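Colleague: Line by line, the protein sequences are chains A and B. Letter by letter, the first sequence follows residues 1 to 89 in UniProt numbering. Letter by letter, the second sequence follows residues 1 to 486 in UniProt numbering.
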Amino acid sequence: MLTTPKYKVQICCGTMCYIMGGAELHLLIEALPAQLKDKVSIEGIPCFGKCDTNEKLHPCVLINGAELNNASTQKIIKQLLTLDNNDLL
Amino acid sequence: MTYYNNAVITKRELLVRLIKLLNNDTLLDEIDRIPLQMRPRTNSPIRCCVHKDRAVLKYKIMALLGFNIADEEDELTPLREYAEQALKGYTQNGNFLTVVDEACSSCVQVNYTVSNLCQGCEGRPCQVNCPKDAIMVINGKANIDHQKCVNCGICQKACPFHAIAYLPVPCEESCPVKAIRKNADGIEEINFDKCIHCGKCMTACPFGAISEKSQILNLFYNIKHQKEKTVAMVAPAILSQFKASAKQILSSIESIGFDAVIEVAEGANMTTDHETSELLERLEEGAPFMTTSCCPSYVQFSEKHAPELKPFISHTPSPMAYTAQLAKERYPEHKAVFIGPCLAKRSEAYQHPNIDYVITTEELGALFAALKIDLETVSPNAGISDNVRPESRGYAASGGVTNAIRSVLSAGLQISTELIDGIDKKSIRLLKALPAKKQHTTAFYEVMACDGGCINGPVNVSPLKVSQTKLKNAIREIEPAEALNE
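#1: Report yes or no: is there a C-beta of chain B within less than 7 Å of the C-beta of C60/A?
#2: Tell me, to the nearest whole angstrom, how far the beta carbon of I455/B is from that of S240/B; I am working on the premise that it is less than 8 Å.
#3: Is the shortest distance between the beta-carbon of I455/B and the beta-carbons of chain C less than 7 Å?
#4: Excluding the 5 residues flanking V264/B on each side, which residues of the same chain have their C-beta closer than 7 Å to its C-beta?
#5: My understanding is that F301/B touches I423/B, with C-beta atoms under 8 Å, so please give their C-beta distance in whole angstroms.
#6: Just to confirm, is the Cβ distance from S251/B to V378/B under 7 Å?
#7: Determine the direct distance from the alpha carbon of P390/B to that of K465/B, and round the result to whole angstroms.
#8: Pull up the distance between the alpha-carbon of V99/B and that of L36/A, whole angstroms please.
#9: Taking DSSP as the reference, what is the three-state secondary structure of I262/B?
#10: On the CB-based measure, 16 or more other CB atoms within 10 Å of its CB, does H162/B come out buried or exposed?
#11: Residues of chain A with CB under 7 Å from E376/B, in chain order?
#12: According to the Cβ coordinates, are P35/B and R54/B closer than 7 Å?
#13: With the cut-off set at 7 Å, would you say A370/B and K60/B are in Cβ contact?
#14: Could you spell out the range, first to last residue, of the alpha helix (DSSP H) harbouring K20/B?
#15: Does the beta-carbon of Y166/B, which I'm using as the reference point, lie nearer than 6 Å to any heavy atom of the ligand FMN?
#16: What does the alpha-carbon distance come out to for the pair V8/B and R39/B?
#17: Examine the Cβ distances between the stretch 215 to 232 of chain B and the stretch 108 to 123 of chain B and report whether three or more of them are shorter than 8 Å.
#18: Out of curiosity, what's the CA-to-CA distance linking E329/B and E172/B?
#19: Any Cβ of chain A within less than 7 Å of the Cβ of R368/B?
#20: Count the other C-beta atoms from every protein chain shown that fall within 10 angstroms of the C-beta of M136/B, then say buried if there are 16 or more, exposed otherwise.
#21: Might you give, ordered along the chain, the residues of its own chain that have their beta carbon closer than 6 Å to the beta carbon of P131/B, omitting 5 neighbours on each side?
#22: So L97/B packs on M202/B, CB below 8 Å; how close in whole Å?
#23: The beta strand (DSSP E) spanning L97/B covers which residue range?
#24: Comparing the C-beta of A71/A with each C-beta of chain B, is any distance below 7 Å?
#25: Starting from the N-terminal side, write out each stretch of the beta strand (DSSP E) that is 3 residues or longer and does not extend beyond the stretch 205 to 282 of chain B.
#26: Considering just the uninterrupted stretch of the alpha helix (DSSP H) at N86/A, what are its terminal residues?
#27: Taking the beta strand (DSSP E) that M448/B belongs to, which residues open and close that run?
#28: Which partner residues does D421/B have in the DSSP bridge list?
#29: Please list, in chain order, all residues of the same chain as M16/A whose beta carbon is under 6 Å from its beta carbon, the five residues on each side excluded.
#30: For E24/A, return the contacting residues in chain B, with the cut-off set at a CB-CB distance below 7 Å.
#31: Using the beta-carbon of each residue, which ones in chain A are nearer than 7 Å to K243/B?
#32: Would you please state the rounded distance, in angstroms, between the beta carbons of A336/B and I355/B? I believe it to be under 8 Å.
#33: Run down chain B in chain order and give the residues with a C-beta less than 9 Å from the C-beta of L27/A.
#34: Below 7 Å on C-beta distance, what does R12/B contact in chain A?
#35: Rounded to whole angstroms, what is the Cα-Cα separation between A246/B and Y331/B?
#36: Taking the runs of the beta strand (DSSP E) that are 3 residues or longer, which of them lie wholly in the UniProt domain "4Fe-4S ferredoxin-type" (140 to 169) of chain B?
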């Protein structure tokens, strides 16, 4: 890989997020479009407390530090593409 | 395994909410509020109206409390009453699935439908070839009369425009043994003379209308109030299901309140040894082949659908049965709780005198979530038995039993093996043909009802690919030296 990843995706691995759909997100790497393949790093992180609320935010993901709630693989990709398309540098 | 969907999430949310209430000692007071909290008036309804949505949740809760929904006598019975009974324990009848009739949308009454691709052609082969005269052309488009149609499919084959589509009923389509059919009202019914508890209908239904009858509340109540001592028997597949190390998973299970934890892989050691010597004995006596016996869904399949296979199935008890024996020896006073990814184990355990409860991966996950047990931060101090062979943990994935047996065969001994990975219509034909087959090139068949093995069980939480990697890691983590030598 020539470039360092521009986008950091952090997937909450707390049990609540994990059983409420978070487990699926760990297959994200396989679903990334070619345009994003080398630009994204993916890691699991411990629970950051979003499941405490009654609002059903799980599963939660951070993209470059910004929260994405009720995450799905497609939602993450859409957000990454938006970031990437707006990035003109 | 199905695609992850909202019906699965609803079930898990119900489990988490129930366990949370029970943990706060407010179950009886608040259980009847759960449907209202989960489906508030302000949300747009999933079905016709919010009241229907709430009724569906009520019956899903009834199933999770362990009741058969068809047994309801009075529709006004509040969930509180069912919960009271469930906490005291209830009698089981050996059937572990129940149809939530309120949720069953009696979808797809007729399997064929004419799409708007219909050109209303002059030839009308659909109409002239229909043996039941079920097709009428209205406004230049073919229509199928649901009263007359017998789902023969001739119209679909006859249409040159491919305008007629086949619509499956998901549960019926997924059932390998035709055990689920619509009743006179169009609601699905399970025939337990045929059902092998594979769980495929449950994961297939997009309305979540098929539910298992759970024991989780009764068990957790007894653990929490220390009514009885418990020993958890953890299936190897569980080690593949959570984002934590194997030791952390086992320690987390202990921290729920179990008095002891045994890995079912310990019983798998014994299954491997006995099954290997049984196989060699049988082959020496001239038997053409033998199949595994550890998958309870396969064993039920042979009992209900292929009795001619029965003599060829190993008599060796399953790893769960051996583990229950170990548990009885070590902790004679404790209630034995099997924790696994399998629905059919409920029915195997029901027939086994030494196993008192079965809980699933999903239910275990809900326990962790409700009790806020964060697996990654739990210190991994649960005792891991040294005498578990890594191959025994490998039982959880397809090919694992074969691999374990090969590992104990004396050097130079060759046995031809075959894997039957998933019980479906195709593999059923193959299995049924085995006893009558003249020439046998395979001596040992490993049969798994779920394709991929137990790590792809119907009540798991991780997708298969993630589970496969995690199982390998778990085996390596516990037995570093031996796994690296492979």
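For every residue, glycine included, the Cβ atom is placed at its ideal position computed from N, Cα and C. Model, not experiment: these values are computed from the prediction.
Modeller: Walking through what the data contain:
#1: Indexing the first sequence from 1 puts residue 60/A at position 60. C60/A does not count as touching chain B.
#2: Position 455 of the second sequence, counted from the start, is the residue given in the question as residue 455/B. Position 240 of the second sequence, counted from the start, is the residue given in the question as residue 240/B. Yes, I455/B and S240/B are in contact; Cβ-Cβ is about 5 Å, under 8 Å.
#3: In the structure shown, chain C cannot be found, because the protein chains are A and B.
#4: As a working note, residue 264/B is residue 264 in the second sequence. If we look at V264/B and ignore the five residues flanking it on each side, its Cβ neighbours are M233, V234, A235, P236, P319, M320, T323.
#5: On the second sequence, residue 301/B is found 301 positions in, with the first residue counted as 1. On the second sequence, residue 423/B is found 423 positions in, with the first residue counted as 1. At roughly 6 Å, the Cβ-Cβ gap stays under 8 Å, so F301/B and I423/B are in contact.
#6: Within the second sequence, the letter at position 251 stands for residue 251/B. Within the second sequence, the letter at position 378 stands for residue 378/B. Yes. Within cutoff.
#7: As a position in the second sequence, residue 465/B is number 465, starting the count at 1. As a position in the second sequence, residue 390/B is number 390, starting the count at 1. One C-alpha to the other measures close to 20 Å.
#8: Along the second sequence, one-based indexing puts residue 99/B at 99. Along the first sequence, one-based indexing puts residue 36/A at 36. When rounded, the distance between both Cα atoms is 44 Å.
#9: In the second sequence, residue 262/B corresponds to position 262, counting from 1. Note: I262/B maps to strand in three-state DSSP.
#10: Residue 162/B sits at position 162 when you count from the first residue of the second sequence. Counting Cβ neighbours within 10 Å, H162/B comes out exposed, since fewer than 16 surround it.
#11: On the second sequence, residue 376/B is found 376 positions in, with the first residue counted as 1. By Cβ distance, chain A contributes C13, P46.
#12: Counting from one through the second sequence, the residue named residue 35/B turns up at place 35. Counting from one through the second sequence, the residue named residue 54/B turns up at place 54. Result yes, Cβ atoms of P35/B and R54/B sit closer than 7 Å.
#13: Along the second sequence, read from residue 1 onward, the residue named residue 370/B stands at position 370. Along the second sequence, read from residue 1 onward, the residue named residue 60/B stands at position 60. No; because the gap between Cβ atoms is not below 7 Å, this pair is not in contact.
#14: Residue numbering aside, residue 20/B sits at position 20 when the second sequence is read from its first letter. Start and end: 6 to 23.
#15: In the structure on display, the ligand FMN does not appear, and there are no ligands present to speak of.
#16: The residue labelled residue 8/B in the question sits at position 8 within the second sequence. The residue labelled residue 39/B in the question sits at position 39 within the second sequence. Looking at the two C-alpha atoms, the distance is approximately 16 Å.
#17: no
#18: Walking along the second sequence from the start, residue 329/B turns up at place 329. Walking along the second sequence from the start, residue 172/B turns up at place 172. Looking at the two C-alpha atoms, the distance is approximately 43 Å.
#19: Indexing the second sequence from 1 puts residue 368/B at position 368. For the sequence presented, residue 368/B should be read as Phe rather than Arg. Interface residue, yes.
#20: Looking up residue 136/B in the second sequence gives position 136. By the neighbour-count rule (16 or more Cβ atoms within 10 Å), M136/B is not buried but exposed.
#21: One-based indexing of the second sequence puts residue 131/B at position 131. Excluding residues within five positions, none has a Cβ falling inside 6 Å.
#22: Counting from one through the second sequence, the residue named residue 97/B turns up at place 97. Counting from one through the second sequence, the residue named residue 202/B turns up at place 202. Indeed they touch by this definition, with Cβ atoms about 7 Å apart.
#23: On the second sequence, residue 97/B is found 97 positions in, with the first residue counted as 1. Here the beta strand (DSSP E) through L97/B covers 97 to 99.
#24: On the first sequence, residue 71/A is found 71 positions in, with the first residue counted as 1. Chain B, which has no Cβ nearer than 7 Å to the Cβ of A71/A, makes this no.
#25: 210 to 212, 230 to 234, 260 to 263
#26: On the first sequence, position 86 is the one that residue 86/A refers to. From DSSP, the alpha helix (DSSP H) with N86/A extends over 73 to 86.
#27: Indexing the second sequence from 1 puts residue 448/B at position 448. Where M448/B is concerned, the enclosing beta strand (DSSP E) stretches over 444 to 448.
#28: Residue mapping note: residue 421/B aligns to position 421 of the second sequence, counting from 1. Looking at the DSSP assignment, D421/B forms a beta bridge with M448/B.
#29: On the first sequence, residue 16/A is found 16 positions in, with the first residue counted as 1. C51, H58, listed in sequence order.
#30: Translated into positions along the first sequence, residue 24/A becomes position 24. Ordered by position in chain B, the residues that pass the 7 Å Cβ test against E24/A are Y4, P463.
#31: In the second sequence, the residue the question calls residue 243/B occupies position 243. Going along chain A in sequence order, the residues near K243/B (Cβ under 7 Å) are C13, Y18, G44.
#32: Numbered from 1 along the second sequence, position 336 holds the residue referred to as residue 336/B. Numbered from 1 along the second sequence, position 355 holds the residue referred to as residue 355/B. Right, their Cβ atoms sit about 5 Å apart.
#33: The residue labelled residue 27/A in the question sits at position 27 within the first sequence. Neighbours of L27/A on chain B, chain order: P463, K465, V466.
#34: Numbered from 1 along the second sequence, position 12 holds the residue referred to as residue 12/B. Per Cβ cutoff of 7 Å: I19, M20.
#35: To locate residue 246/B, count along the second sequence from 1; it is residue 246. To locate residue 331/B, count along the second sequence from 1; it is residue 331. Spanning the two alpha carbons is a distance of roughly 23 Å.
#36: 141 to 144, 164 to 166
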